[in-house]
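Read the structure below first, then the notes.
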Amino acid sequence: MSLAITGPTSDAGNPYSKGTEDYFKFVNETKMLGDDTIDCTIRDDQYKTDITKRNFEEYLDEGIVMYLNYSTGSTLGLKRDFEEEKIPVLPASYHAGNLDGSNYIFLPVASYSEQLVALSEYVVKNHKGGKAKVAMFIHPSAFGRGPVDDAKKAVAAGLNMEIVEVVEHGKDLDNSAMLKRLMSKGVQYVLCHTVQSPVATMLKDAARLGLTAKTYGEKGKLTFLGVHYTGGNDLIALAGDACEGYVWSCSFNLTSEKNEGTEKQLALAKRYGRDEKAANSHNYAAGIMVAQVATEAIKRTKAAGLEVTRANLYKTLNEMNGKNAYFPYTTIGPVTYSKTDRAGVDMLQIYTVQSGSFKKVGTPIQSEFMKKIK
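Counted the way our numbering counts, the sequence shown spans residues 1179 to 1552.
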């Protein structure tokens, strides 16, 4: 596994790596695979594709049968290598473009595009008045830019909203000028696709300026929404009260909504001495989840009497559907893959911050417009 434990986006990568590490330790200690164990070396690539590539090449020399990657840039950059090596890959990047021209990349959950378009549909469905005016607040990278085109395609296909501006954020410590500009353009909703820290800064700036909507869609104010890596308990830890009312899409269970799955997540974190912040992070859950899928693929391959090879793991993953769907305790729905479906968990849960914690809004959803524009 290669990922950003330090450097850009490490606020997601760090707890993610802990989740993967802890679950594989648990698998080995509890003899989930009998006398066999999983050896997963985890290396920091600092969000640099050249380091990721070097890590991957060294892992190949070690004879790996499956690879867990991280960033969008490196997943796209290594796509051809994955094809040549015929190795199944589970990335932390849910970029829809990872799947273009690829046979070996398996997205753990619904793509960023699916999530951004589903959030856009949520905006339109719950907006009162004419056409909803939105701005996009995105990470300045392939990761951030990826789903914006699909949101624009959804608008072209009839989704009743106007994308007024796409803001690629820098490392600015003050978003005042940007927020005032969006207000002057009549923007009412800001859809975020980045990691938590820049969103936290923006939310605090909006609260300080008195621009945050007190209720969803309040006229003359800004309602903030975001995709997967923008939210969760990590965001609340960073932004505090400024998060109130933030709307967020995710395919993972959250510890603020107690259930059997979150209890298991917290027990795993406790077993391996993780602090409260890591234990309650949906990024920790996401790291556990890829380890769960990898373990389940190995377990099923062994149960079928097959050798644990790249080819057999690939076959097993492609058969993970229908009655063979996999239900990890970390997600809101089952993981399903086939030769024509490479997104694991198809469902999304909308959450919103209420009295300082994320709470579910309705039942899990799927984007309607993504079916029209694919």
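Even glycine gets a Cβ: it sits at the ideal position worked out from N, Cα and C.
What you are looking at is a predicted structure, and each value in this text was computed from that prediction instead of being measured.
- If you keep only unbroken alpha helix (DSSP H) runs of at least 4 residues inside the segment 1388-1458, you get 1411-1417, 1438-1449 and 1454-1457.
- The C-alpha of S1195 lies about 9 angstroms from the C-alpha of S1180.
- M1548 places its beta carbon 8 angstroms or farther from that of V1326.
- Judged by beta-carbon spacing, Q1374 lies within the 8 angstroms limit of D1189, meaning their Cβ atoms are closer than that value.
- Judged by DSSP secondary structure, M1314 falls outside any alpha helix (DSSP H) and instead within the beta strand (DSSP E) spanning A1310 to I1316.
- Residue ranges of uninterrupted beta strand (DSSP E) with 3 or more members, entirely inside the segment 1245-1269 and ordered along the chain, are 1245-1247 and 1267-1269.
- Judged by beta-carbon spacing, S1271 lies within the 8 angstroms limit of F1321, meaning their Cβ atoms are closer than that value.
- Residue state for P1376 is assigned as helix, using DSSP reduced to three classes.
- Counting along the chain, P1193 sits inside no beta strand (DSSP E); it lies in the alpha helix (DSSP H) bounded by residues S1188 to E1207.
- Inclusion of P1269 and Y1248 in the CB contact set at 8 angstroms is warranted, their separation being smaller than that value.
- For K1477, the enclosing alpha helix (DSSP H) stretches over residues H1460 to A1481.
- Under the Cβ criterion (8 angstroms, minimum of three pairs), the segment 1392-1400 counts as touching the segment 1362-1380.
- Y1507 carries a coil assignment under DSSP once its states are collapsed to helix, strand and coil.
- Annotated as distal: S1429 and T1530, with beta-carbon spacing of 8 angstroms or more.
- In the structure shown, V1301 adopts helical secondary structure according to DSSP, grouped into three states.
- In its chain, beyond the 5 residues on either side, S1535 and F1536 have a beta carbon closer than 6 angstroms to the beta carbon of S1434.
- Within its own chain, the residues whose Cβ lies closer than 8 angstroms to the Cβ of M1210, once the five positions on either side in sequence are excluded, are F1204, T1473 and K1477, listed in chain order.
- Put simply, of A1378, A1329, K1331 and I1341 the residue whose alpha carbon is nearest the alpha carbon of D1350 is A1378.
- Just measuring C-alpha positions, the residue of Q1470, D1412 and G1279 sitting nearest R1520 is G1279.
- Where L1369 is concerned, there is no enclosing alpha helix (DSSP H), although the beta strand (DSSP E) around it starts and stops at Y1367 to H1371.
- For K1538, the secondary structure class from DSSP, reduced to helix, strand or coil, is strand.
- Counting only residues of its own chain and dropping the five nearest sequence neighbours on each side, K1257 has a CB closer than 6 angstroms to the CB of S1280.
- Comparing alpha carbon positions, the residue from G1307, E1299 and H1347 closest to G1336 is E1299.
- Taking 8 angstroms as the cut-off, the Cβ atoms of K1311 and E1346 do not count as close.
- Where Y1529 is concerned, the enclosing beta strand (DSSP E) starts and stops at L1526 to Q1532.
- In this model, D1412 and N1458 are separated by some 8 angstroms (Cα to Cα).
- The C-alpha of L1277 lies about 16 angstroms from the C-alpha of Y1245.
- In this structure, D1200 places its C-beta atom within 8 angstroms of the C-beta atom of Y1450.
- Counted as a single uninterrupted DSSP element, the stretch harbouring L1495 is not any beta strand (DSSP E) but the alpha helix (DSSP H) occupying residues R1488 to N1496.
- In this structure, K1231 keeps its C-beta atom at 8 angstroms or more from the C-beta atom of G1251.
- When C-alpha distances from K1306 are compared across N1338, R1323 and A1329, the shortest belongs to N1338.
- Proximity to D1524 across E1422, E1292 and D1228 peaks at E1292, based on C-alpha coordinates.
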